[in-house]
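Inspection log for the structure reproduced underneath, given as structure tokens.
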Amino acid sequence: MLDQRFDPAEAEPRLYKAWEENGCFKPSGDTSAQAYSIVIPPPNVTGVLHMGHALNNTLQDVLIRFERMRGKNVLWQPGTDHAGIATQMVVERQMAESGENITRRDMGREAFVDRVWEWKEESGGAIVGQLKRLGASCDWSKEAFTMGDRNHPDNNMMRAVTKVFVELHKKGLIYRDKRLVNWDPHFQTAISDLEVDQREVPGHYWHLRYPLADGVTYMHPIKDEDGNTVETEMRDYIVVATSRPETMLGDTGVAVHPEDPRYAGLIGKFVELPIVGRRIPIIADEYADPDKGSGAVKITPAHDFNDFEVGKRAGHTPLNILNATAHIVDGEEADTAGIPAEYRGLDRFDARRKVVSAFEEAELLQEIENLKIEQPFGDRSNVVIEPWMTDQWYVDAKTMAKPAIAAVKEGKTKFVPENWEKTYFNWMENIQPWCVSRQLWWGHRIPAWYAPTIEQLESDQAYFPGKVFVAESEEDMLAQAREYYGSEIEVSVVDTGIGGAKIWGGGTSAGKASSANIARDPDVLDTWFSSALWPFSTQGWPDKTADLDTFFPTATLVTAFDIIFFWVARMMMMSLEFMGEVPFKDVYIHALVLDEKGQKMSKSKGNAMDPLELVDEYGADALRFTMGRMAGQGRNIRLSKQAVEGNRNFATKLWNAARFAEMNECGAPGEIDYDRVESPVNRWILSELSQCAAEVSKGIEDYKFNEAAGALYKFIWNTLCDWYLELIKPLLAGMDDAAKQETRMVCGYVLDESLKLLHPFMPFVTEELWERRAEGRAEAKGFLMHQSWPSTEPFTDEAAAEEINWVIDMITELRSLRNDLGVPAGSKLPLTLVNAGAEIENRAMSHEDVLKRLARLEDISMTDTTPEGAVTAVIGETMSALSVADIVDIDEARKRLDKELAQLDKDIKSTEGKLSNEKFVSRAPPEIVEENRERIRDWTTRREKLKAARKGLEGL
RNA sequence: GGGCGGUUAGCUCAGUGGUAGAGCACUACGUUGACAUCGUAGGGGUCACAAGUUCGAACCUUGUACCGCCCACCA
Numbered sequence: 012m013l014d015q016r017f018d019p020a021e022a023e024p025r026l027y028k029a030w031e032e033n034g035c036f037k038p039s040g041d042t043s044a045q046a047y048s049i050v051i052p053p054p055n056v057t058g059v060l061h062m063g064h065a066l067n068n069t070l071q072d073v074l075i076r077f078e079r080m081r082g083k084n085v086l087w088q089p090g091t092d093h094a095g096i097a098t099q100m101v102v103e104r105q106m107a108e109s110g111e112n113i114t115r116r117d118m119g120r121e122a123f124v125d126r127v128w129e130w131k132e133e134s135g136g137a138i139v140g141q142l143k144r145l146g147a148s149c150d151w152s153k154e155a156f157t158m159g160d161r162n163h164p165d166n167n168m169m170r171a172v173t174k175v176f177v178e179l180h181k182k183g184l185i186y187r188d189k190r191l192v193n194w195d196p197h198f199q200t201a202i203s204d205l206e207v208d209q210r211e212v213p214g215h216y217w218h219l220r221y222p223l224a225d226g227v228t229y230m231h232p233i234k235d236e237d238g239n240t241v242e243t244e245m246r247d248y249i250v251v252a253t254s255r256p257e258t259m260l261g262d263t264g265v266a267v268h269p270e271d272p273r274y275a276g277l278i279g280k281f282v283e284l285p286i287v288g289r290r291i292p293i294i295a296d297e298y299a300d301p302d303k304g305s306g307a308v309k310i311t312p313a314h315d316f317n318d319f320e321v322g323k324r325a326g327h328t329p330l331n332i333l334n335a336t337a338h339i340v341d342g343e344e345a346d347t348a349g350i351p352a353e354y355r356g357l358d359r360f361d362a363r364r365k366v367v368s369a370f371e372e373a374e375l376l377q378e379i380e381n382l383k384i385e386q387p388f389g390d391r392s393n394v395v396i397e398p399w400m401t402d403q404w405y406v407d408a409k410t411m412a413k414p415a416i417a418a419v420k421e422g423k424t425k426f427v428p429e430n431w432e433k434t435y436f437n438w439m440e441n442i443q444p445w446c447v448s449r450q451l452w453w454g455h456r457i458p459a460w461y462a463p464t465i466e467q468l469e470s471d472q473a474y475f476p477g478k479v480f481v482a483e484s485e486e487d488m489l490a491q492a493r494e495y496y497g498s499e500i501e502v503s504v505v506d507t508g509i510g511g512a513k514i515w516g517g518g519t520s521a522g523k524a525s526s527a528n529i530a531r532d533p534d535v536l537d538t539w540f541s542s543a544l545w546p547f548s549t550q551g552w553p554d555k556t557a558d559l560d561t562f563f564p565t566a567t568l569v570t571a572f573d574i575i576f577f578w579v580a581r582m583m584m585m586s587l588e589f590m591g592e593v594p595f596k597d598v599y600i601h602a603l604v605l606d607e608k609g610q611k612m613s614k615s616k617g618n619a620m621d622p623l624e625l626v627d628e629y630g631a632d633a634l635r636f637t638m639g640r641m642a643g644q645g646r647n648i649r650l651s652k653q654a655v656e657g658n659r660n661f662a663t664k665l666w667n668a669a670r671f672a673e674m675n676e677c678g679a680p681g682e683i684d685y686d687r688v689e690s691p692v693n694r695w696i697l698s699e700l701s702q703c704a705a706e707v708s709k710g711i712e713d714y715k716f717n718e719a720a721g722a723l724y725k726f727i728w729n730t731l732c733d734w735y736l737e738l739i740k741p742l743l744a745g746m747d748d749a750a751k752q753e754t755r756m757v758c759g760y761v762l763d764e765s766l767k768l769l770h771p772f773m774p775f776v777t778e779e780l781w782e783r784r785a786e787g788r789a790e791a792k793g794f795l796m797h798q799s800w801p802s803t804e805p806f807t808d809e810a811a812a813e814e815i816n817w818v819i820d821m822i823t824e825l826r827s828l829r830n831d832l833g834v835p836a837g838s839k840l841p842l843t844l845v846n847a848g849a850e851i852e853n854r855a856m857s858h859e860d861v862l863k864r865l866a867r868l869e870d871i872s873m874t875d876t877t878p879e880g881a882v883t884a885v886i887g888e889t890m891s892a893l894s895v896a897d898i899v900d901i902d903e904a905r906k907r908l909d910k911e912l913a914q915l916d917k918d919i920k921s922t923e924g925k926l927s928n929e930k931f932v933s934r935a936p937p938e939i940v941e942e943n944r945e946r947i948r949d950w951t952t953r954r955e956k957l958k959a960a961r962k963g964l965e966g967l
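Take the first sequence: its position 910, counted from the start at 1, is 921 in the numbering used here, and no numbers get skipped.
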């Protein structure tokens, strides 16, 4: 006997364990079947399941369970991402909080990395357990990690990353370059453009006067509000504006537009840079916009991306004024830039204040403008990013993007919804070199080594970068080195163990002429570098494996749009380069999960909903179904607790339908022969079922999860429970054994088929019912999750549908009538059908039990003449008489008829108008015209009957 | 500055040319041994605005307004 209700808290862990222990998530291995694979977007190993994960993984699991039931050889590849900065951050924080009073630098690189591994093994990957609670049917035996397994240093994940780096380097697609990067002074590492957030913050423009050198003056025009020059003023200075005054310490020039008449005479002259006293030239460059600010712009090539380009054009050597922690430089660099002692070592913001007050004191501060400015912030550190000159490794993304663009253009990979292709193209066509080196310790170490060149060695010079060896292993590197140096020179590998890009900038003393010290690049690769290989590295690449053959390329990638650039684009590039194929056929981009007010959920806003709490409260099925029902294409999803509650109720509804089936001995018949089903109500539900099956399949195939889930909701609740189960009650309680047997069989069958259709969305409650409806069935036939997907062949019986729909309409209208006329809910009415005609009379008689039961009728009789002293109404097209005694509100009956007559008149009139329009009749498709004609005929008949009924009410 | 999307019932949203829909909320009534995590019935919308295309527009076109988001080096 089924319990009163489903208990997710008890059932879900039990069912999940059973699936897992029975290897249900593994591919079927049926090589004759089509392979279907999805790689999970690997959550950070530090991650905690949030709503985005819940949506993302629910949708993947729906696809996976659907295709598995359709008989494909299915793999859902799980795993986690080592998440360089995030993980290093977590462990460092933990160390700080533990009171050990030891920093990562105190520990040294090796010990720290060990510590991170320990953390990963002990407390990392909690999210995996959370995915299991959602019901994710990943093949956990294949769980992967972007850093591989430290106990097997030869693991393929490590080899894959190294191989890719080395080969790209060989092809010239990875190179070293010294240029401006986005430098994060908090983490002291370079980050990529994508890891920088532009945020609007309150700020200022300081308008600074730079005195002209050599006594030069010029006439500056003063304009009025309309832009007309009203007077001119003689100036011995030029005004520049900046939001970062401290950068003036590194200015190498002032640029004006070559055609700006105001400054034409100043080009080639110099300004005397305050504070540092350096003479810097006024140059002409089109970058200077005459309409912005004063039209003159200070140029700081070492600390601004635009200025870098301008400086390069003008032949200026960039002057670095900041160190890795964004303090003003000291020592040699400070000497070069002429930075006064009192500025050296200052924090950048202290330096800013000091610079501003120096200008103020010198009466060179023309104006301070208060406004909002866009500033770059590190997306993880939340500190202001500085453009900074460093040596880094870059991937030539521009070259690699070309095939990736073509593949989408050719339709080898499709975006769903399609409009995301635009976003993809826009990004790819304007792609910048991808900075892949990070000054961190946690990650894939760059397989590059630096050594002195032979010339440097001979002259005992400091070397940097010297000779660069890029190799898949230290042995390979040493082989290269021996070949390079010859047998005379001894080679030894040293590990400086110190991170930070600048270590190479200072120069390292060379070894003696007879021996060369070689040091490995201390930096690691951007986490996304290894994530980019995920679709093939997880299948064993670079080894040739059976899994790689079978499951690459994958079928579908399911992800949110915010990851298109970080991940999708890079997987495309890497797959095409190394596998010669796209990594996935479809990219389904789903919505973001927002709160009820449409705000992004975040911990800091305090509006984050915890998916696990919802699972605790309502069950995983309810949350999953909610996600499914809301996952249309494009839109954001606003999640509310109420919605989840409603879908929990849906699960309860299903559960109770199963209880009803159990009580009425509607068992599990297995396959049934549709042709032998006779009763219209049973034939009708079978046709409704087949339609539902088709809609669910189509919905999932087209990634219209909301349509699939909506069809299920409607079928199970509104069709199956509200009507079918009610309509068969008389049959199940009746004396006709044949009909009873047939109905039990069909009811049981439809319920089982519904469980299959619902399973991808609600795996737990359906699996539980599958087993509970026929004890031991799981053992005999296997789990529900391994059953075959229901047929989507249409089964229709129009006659049965028409008949049952007539019954449904009749009941609905009678119920509505009773309500409107104030008939007490408990009282049973006698119903008389007037001149109904043979077909209707037959229907009424064959469904008498159901009509009486569901419309609360005393009895049903037929007559040829309108009865005296009765209230008549029109139901469908049949005039029906009800005894006056039962009707509480005759006035309401009149009103009801009047209202309906008025509406009918209006409808008829407007449709007649349409039909009398010659253009409509001649140009509209004939079936539409006919539809309108028929409508008028029906309405007119009905109107006649309504009028007669209304007349009958006059005297009452 | 460029791009994308949105505007339909009180709320959250479906609905891509043929009589405006669902869930929740609301109102009334609850009887039938699957279900009160429920049932039955009901109220509620010039589909943001304007012009156009069409026999016919929530839907196609153009424009306007407002709201989101993404990308971009404005001193």
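For each residue, glycine too, the CB sits at the ideal point set by N, CA and C.
Beyond the five residues adjoining it in sequence on each side, S542 comes within less than 7 Å, by CB distance, of P53, D92, T157 and W578 in the same chain, given in chain order. Here S690 is near E753, since their CB atoms are less than 7 Å apart. E588 and Y27 have their alpha carbons spaced roughly 39 Å apart. Annotation for L179: the continuous alpha helix (DSSP H) segment containing it runs N167 to K181. The segment 567-586 makes no contact with the segment 620-637: fewer than 3 CB pairs, one atom from each, lie closer than 8 Å. The beta carbon of E737 sits closer than 7 Å to those of L865, all from its chain and outside the five residues before and after it, given in chain order. Distance from the CA atom of T410 to the CA atom of A719, rounded to whole angstroms, is 41 Å.
Of the residues N528, F540 and M590, the one whose Cα lies closest to the Cα of F547 is M590. The C-beta distance from L70 to F562 rounds to 19 Å, too long to fall under 8 Å, and the pair is not in contact. The beta carbon of A65 lies closer than 7 Å to those of L145, P622, L634 and M638 in the same chain, with the five residues before and after it left out. Taking the CA atoms as reference points, P680 sits about 18 Å from L13. When C-alpha distances from E344 are compared across N331, E814 and K792, the shortest belongs to N331.
Put simply, the backbone Cα of E31 is about 51 Å away from that of W399. If the five residues before and after I683 are omitted, its C-beta is found closer than 8 Å to the C-beta atoms of M756, V757 and Y760, all from its own chain and listed in chain order.
Taking 4 residues as the shortest admissible run, the segment 209-294 contains no complete alpha helix (DSSP H) segment at all.
Exclusion of the five residues before and after P801 leaves A704, E764, K767 and L768 as the residues of its chain whose Cβ lies within less than 7 Å of its Cβ. By the neighbour-count criterion, in which a residue is buried when 16 or more other Cβ atoms sit within 10 angstroms of its Cβ, F198 is buried. Out of W452, L223 and M259, the CA that lies nearest to the CA of G279 is found in L223.
In this structure, I310 and A369 do not form a Cβ contact; the two beta carbons are roughly 20 Å apart against a cut-off of 8 Å. Counting only residues of its own chain and dropping the five nearest sequence neighbours on each side, N84 has a CB closer than 6 Å to the CB of P38, S39, D41, A44 and A46. Sequence-distant partners of H338 (beyond 5 residues in either direction) whose C-beta falls short of 6 Å from its own C-beta, in its chain, are G356 and D358. Counting along the chain, the unbroken beta strand (DSSP E) around R187 starts and ends at I185 to D195. Residue ranges of uninterrupted beta strand (DSSP E) with 3 or more members, entirely inside the segment 447-505 and ordered along the chain, are 459-462, 478-481 and 501-505. The C-beta distance from D407 to Y186 rounds to 7 Å, short enough to fall under 8 Å.
Here V505 is exposed: its Cβ has fewer than 16 other Cβ atoms, across all protein chains shown, within 10 Å. With 16 or more other Cβ atoms inside 10 Å of its own Cβ, T173 counts as buried. In this chain, the alpha helix (DSSP H) harbouring V757 covers D748 to L769.
Taking a C-beta distance under 7 Å as the contact criterion, R907 and D831 qualify as a contact pair. Looking at the DSSP output, E903 sits in no beta bridge, so it has no partner there.
In terms of Cβ geometry, E133 and R115 do not form a close pair [threshold 7 Å].
In the DSSP assignment, the residues bridged to E380 are Y216. Taking all protein chains in view, the Cβ of H163 is surrounded by fewer than 16 other Cβ atoms within 10 Å, so the residue is classified as exposed. Partner residues in the beta bridge of N528, as assigned by DSSP, are S503. Taken in chain order, the complete alpha helix (DSSP H) segments of 4 or more residues contained in the segment 112-150 are 115-118, 120-134 and 137-145. Rounded to whole angstroms, the Cβ separation of W452 and V124 is 6 Å, and the two are in contact under 8 Å.
D902 and L665 have their C-alpha atoms some 42 Å from each other.
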